[in-house]
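Chains as they are written, first to last, in my numbering: chain A, 1 to 423; chain B, 1001 to 1423. For reference, the structure discussed in these notes is given below.
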């Protein structure tokens, strides 16, 4: 819970300056303890967002690389661009099959759960395992004080890779379990165009399927025999619950608070990928510094992903408002674009408080949003987090290994893909 | 899953003999591999149920003690009778407070979950932790090849006890999580006279509260740093899901099969207590033999408990049929009394298949049950399992330690309390 306090100053500081802003993201937690400090220029300036500095308070190197920090500014990419997904395509397919087998084997009635995994054409479904497999290679650098990898032999490397693949599988199982339980909770009939398990098999089996996945994830975690990793990942389930509870039970003040929103977003979206990125590094026996950078990458990418999701809910694939599914406001969920708009037009709050049960209120709220810079500022915040994610990768210990460099480049490319995606 | 096959011959053999029966409970599993073989005399005989022999096929001593194997036959108890609950009352209260703190601390909205724990006057709620604390003392015997306990010092003993208390807490968390999710599933408004969390806080929070408990249980498990124990207990969650799925999705043939019923009962009721009993022994560093005896105690006590539950659903506190809540048949769940009755009156099957939506069918089914020996035979089966549980305790390595003996006596007494309870 302490971690979430890290977001506590965002809203205040964003409000405190309209042309430029200094952020303090202070976080204390059992596993990470750092201070993020950076400035950004006015969104009206020629360079929309520039990361100035990122200072960790405890044993972390300053993220001083600027090579890719402004990569979103440039339309021409210096490095060869690779499709991040194709780099790990074979492994992704292997993991998808293992997941299907794990779920389908013993409980045939729950076999349709497997359809949730790696559904073709649903980009989001491949994001997490792709990130985790790329991260596995990206942190494959010598550990100070350990013998070189080649002395350990290929078997150990293969074994490590297999354990890291397990993290990708466990992450997908937890993710799908949370989708299943969220479907029950929200009574949603469809999710991103895929027929909801709820409507196919009923609430009862959806809850049980989620429980089954959670227990399989727990058994798979236990078999990794790394207590730190088990605790780290098990805690994610608690975060998912906390985030969902925060969303369900918020007061009007909480719903209209950027701090509360970012805390909830971390729990609901960023905790899983950040913790599993860290787990990848921990399994590799990496240093605390490398593990924290892996965590930072996942956290910031997760936050950027969700912020763009919030924008797409309003705009869909076009740039026009109202073209998205508007599923958030239809469920009374207030996201970043509205929160920013409310800073410009405080009268929007009354509309939000009235709710969106009637379409007149929806139209009115969209009018305010259109007049405001809410969408633009949300994109800027997403870009900031995407840049922080890229900066974390740039701060990893240098490596001359071509595979390592390729994977790191792909991880950085993913920060742009998150930003430019249309679904 | 393989374990459940152990029950596969019950129905056939029970049908095969009306005056006496030989059981073969054969079980193969990653953790246990044994053969139970025993005879019982006709229920019409002067001694209702006598355990003849129990032979383990793999490195397990035969359970040859008969001292308490017939304790249900005798109205006079040889040993001093102690209240099993009072033996561990202080620790129970300590655990209850810790559980409340664990649940209430970080998510106030879910605080009412805590009311489920150790609800005063609900005997069942104290059963599991009482068993586990008593088992902790009962298996506190020297381990061959290890230094005597006093050489290890009191701190280690205290630490072990604290870890065993954790198992009791984890077990309660998993149990309550399954109640919460079952409440969602069955849409039950009340459960044993306690207001259902469902009706108090809604389905959404009940699912989340269950997930929270599962994740807390997983974190607590991980902190025990014993991979075998983590896998063992995590597997229980899968068993609970499997049992519930079996109950929900059964065909008519499955619903009317004693084998299927016993398999489901193991998963839904006996797996949790048997696995946690075994975990207690594993944490103590006990031998495979002792761990398996602990498992056998829990398994047989759990099965006996559920069989008596099934009887009480028809009779309540009186001996008369129809005085119970009849909640099982009202949900279309066919339990042991009906399954035995169906062997005598095959025409009952048609009534069962028609369902119990109208009260005429309920009355007709109860008439058949009253004419049959279904209730009596269910009690006999429960007694058999209670005796097997007591026999497992009697087969533990001998100890002259008064505390150990007292706890074992209390565990055996619990097998009688399970049998004579009225709620």
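Ideal placement from N, C-alpha and C gives every residue a C-beta, glycine not left out.
Can you tell me where the alpha helix (DSSP H) with residue 1252 of chain B in it begins and where it stops?
-> Start and end: 1252-1255.
How long is the line joining the alpha carbons of residue 1404 of chain B and residue 1377 of chain B, rounded to whole angstroms?
-> Distance between the alpha carbons of residue 1404 of chain B and residue 1377 of chain B is about 34 Å.
Within chain B, partners of residue 309 of chain A - CB distance below 7 Å = Identification of chain B residues near residue 309 of chain A by a Cβ-Cβ cut-off of 7 Å yields none; the smallest Cβ-Cβ distance measures about 21 Å.
Segment limits, alpha helix (DSSP H) that includes residue 1082 of chain B | Here residue 1082 of chain B belongs to no alpha helix (DSSP H), and DSSP marks it neither H nor E.
Within the same chain, show all residues whose beta-carbon is closer than 6 Å to that of residue 336 of chain A, passing over the 5 residues directly before and after it, in chain order.
-> 307, 310 and 378.
Would you please verify whether the beta carbon of residue 1234 of chain B is less than 7 Å from any beta carbon of chain A?
-> Yes, its Cβ sits closer than 7 Å to a Cβ of chain A.
Tell me whether residue 1247 of chain B sits in a helix, a strand or coil according to DSSP, three-state version.
-> Three-state result, residue 1247 of chain B: helix.
Given residue 1384 of chain B as reference, the closest of B/1237, B/1143, B/1142 and B/1299 once Cα atoms are compared | Here the closest residue by C-alpha is B/1299.
Partner residues on chain B for residue 211 of chain A, Cβ-Cβ distance less than 9 Å = In chain order: 1177, 1178, 1181, 1210, 1211, 1214, 1237, 1238, 1240, 1241 and 1244.
Quick one: is residue 1400 of chain B buried, meaning 16 or more other Cβ sit within 10 Å of its Cβ, or exposed?
-> Taking every protein chain shown into account, the CB of residue 1400 of chain B has fewer than 16 other CB atoms within 10 angstroms, so this residue is exposed.
Have a look at residue 1257 of chain B and residue 1414 of chain B and give me their C-alpha separation to the nearest angstrom.
-> Roughly 29 Å separates the two Cα atoms.
Identify, in the order they occur along the chain, each residue of the same chain with its Cβ nearer than 8 Å to the Cβ of residue 92 of chain A, setting aside the five sequence neighbours on each side.
-> If you ignore the 5 residues before and after residue 92 of chain A, its C-beta comes within less than 8 Å of the C-beta of 85, 118, 126, 129, 130 and 133, all in its own chain and listed in chain order.
Which word fits residue 1090 of chain B, buried or exposed, when buried means at least 16 other C-beta atoms lie within 10 angstroms of its C-beta?
-> Exposed: under 16 other Cβ atoms inside 10 Å.
Nearest-angstrom Cα separation, counted from residue 169 of chain A out to residue 99 of chain A | When rounded, the distance between both Cα atoms is 7 Å.
Buried or exposed by the 16-neighbour rule on C-beta atoms within 10 Å, applied to residue 1247 of chain B | Residue 1247 of chain B should be labelled buried.
Closer than 7 Å by beta-carbon distance: list the chain B residues that pair up with residue 222 of chain A, in chain order.
-> For the C-beta of residue 222 of chain A, the chain B residues within less than 7 Å are, from N- to C-terminus, 1227, 1230, 1231 and 1234.
Please report the Cβ distance between residue 1409 of chain B and residue 1396 of chain B, rounded to the nearest whole angstrom; I am assuming they are in contact, meaning their Cβ atoms lie under 8 Å.
-> Their Cβ separation, rounded to whole angstroms, is 12 Å, which puts residue 1409 of chain B and residue 1396 of chain B out of contact at 8 Å.
Minimum Cβ-Cβ distance from residue 143 of chain A to chain D less than 7 Å | The structure shown has no chain D; the protein chains it does contain are A and B.
Taking the alpha carbon of residue 244 of chain A as the point to measure from, which residue in A/269, A/290 and A/364 has its own alpha carbon closest?
-> The shortest Cα separation from residue 244 of chain A among A/269, A/290 and A/364 belongs to A/269.
Can the beta-carbon of residue 340 of chain A be found less than 7 Å from the beta-carbon of residue 374 of chain A?
-> If you check the CB distance, residue 340 of chain A and residue 374 of chain A come in under 7 Å.
For residue 1365 of chain B, collect the residues of the same chain with a Cβ closer than 8 Å to its Cβ; drop the 5 residues on either side in sequence, then sort them by chain order.
-> Once the five neighbours on either side are set aside, the close Cβ partners of residue 1365 of chain B are 1329, 1338, 1348, 1351, 1352 and 1356.
Within the 7 Å Cβ cut-off, does residue 1290 of chain B reach chain A?
-> No, residue 1290 of chain B lies away from the interface with chain A (no Cβ there is under 7 Å from its Cβ).
DSSP-derived helix/strand/coil call for residue 1163 of chain B | Helix, per DSSP.
7 Å CB neighbourhood of residue 323 of chain A in its chain, flanking five on each side removed | If the five residues before and after residue 323 of chain A are omitted, its C-beta is found closer than 7 Å to the C-beta atoms of 315 and 316, all from its own chain and listed in chain order.
Among B/1421, B/1412 and B/1417, nearest to residue 1135 of chain B - alpha-carbon criterion = Among B/1421, B/1412 and B/1417, the Cα nearest to that of residue 1135 of chain B is on B/1412.
Three-state secondary structure (DSSP) of residue 329 of chain A | Looking at residue 329 of chain A - three-state DSSP - the assignment turns out to be helix.
Hey, would you say residue 1344 of chain B sits closer than 7 Å to residue 1372 of chain B, going by beta carbons?
-> Yes; because the gap between Cβ atoms is below 7 Å, this pair is in contact.
Look up residue 320 of chain A in the DSSP assignment and say whether it is helix, strand or coil.
-> In the displayed model, residue 320 of chain A falls within coil according to three-state DSSP, outside both helix and strand.
Cβ-Cβ separation, residue 1362 of chain B to residue 1326 of chain B (assumed contact under 8 Å), whole Å = The C-beta separation of residue 1326 of chain B from residue 1362 of chain B comes to about 7 Å, placing the pair in contact by the 8 Å criterion.
Would a C-beta distance cut-off of 7 Å place residue 1232 of chain B and residue 1279 of chain B closer than the cut-off?
-> Yes, the pair counts as a contact, with Cβ atoms nearer than the cut-off.
DSSP three-state call for residue 1210 of chain B: helix, strand or coil?
-> Residue state, collapsed to three classes: helix.
Does residue 1218 of chain B have its Cβ less than 7 Å from a Cβ in chain A?
-> Yes, residue 1218 of chain B counts as interfacial toward chain A.
Skipping 5 residues on each side, what residues in its chain have a beta carbon closer than 7 Å to that of residue 1302 of chain B?
-> If you ignore the 5 residues before and after residue 1302 of chain B, its C-beta comes within less than 7 Å of the C-beta of 1269, 1270, 1273 and 1274, all in its own chain and listed in chain order.
Would you please state the rounded distance, in angstroms, between the beta carbons of residue 1276 of chain B and residue 1220 of chain B? I believe it to be under 8 Å.
-> Between residue 1276 of chain B and residue 1220 of chain B the beta-carbon gap is near 12 Å, outside 8 Å, which marks them as no contact.
Could you tell me whether any Cβ in chain A is nearer than 7 Å to the Cβ of residue 1207 of chain B?
-> So, interface residue.
When you compare only the Cα positions, how much space is there between residue 296 of chain A and residue 214 of chain A?
-> C-alpha separation (whole angstroms): 25 Å.
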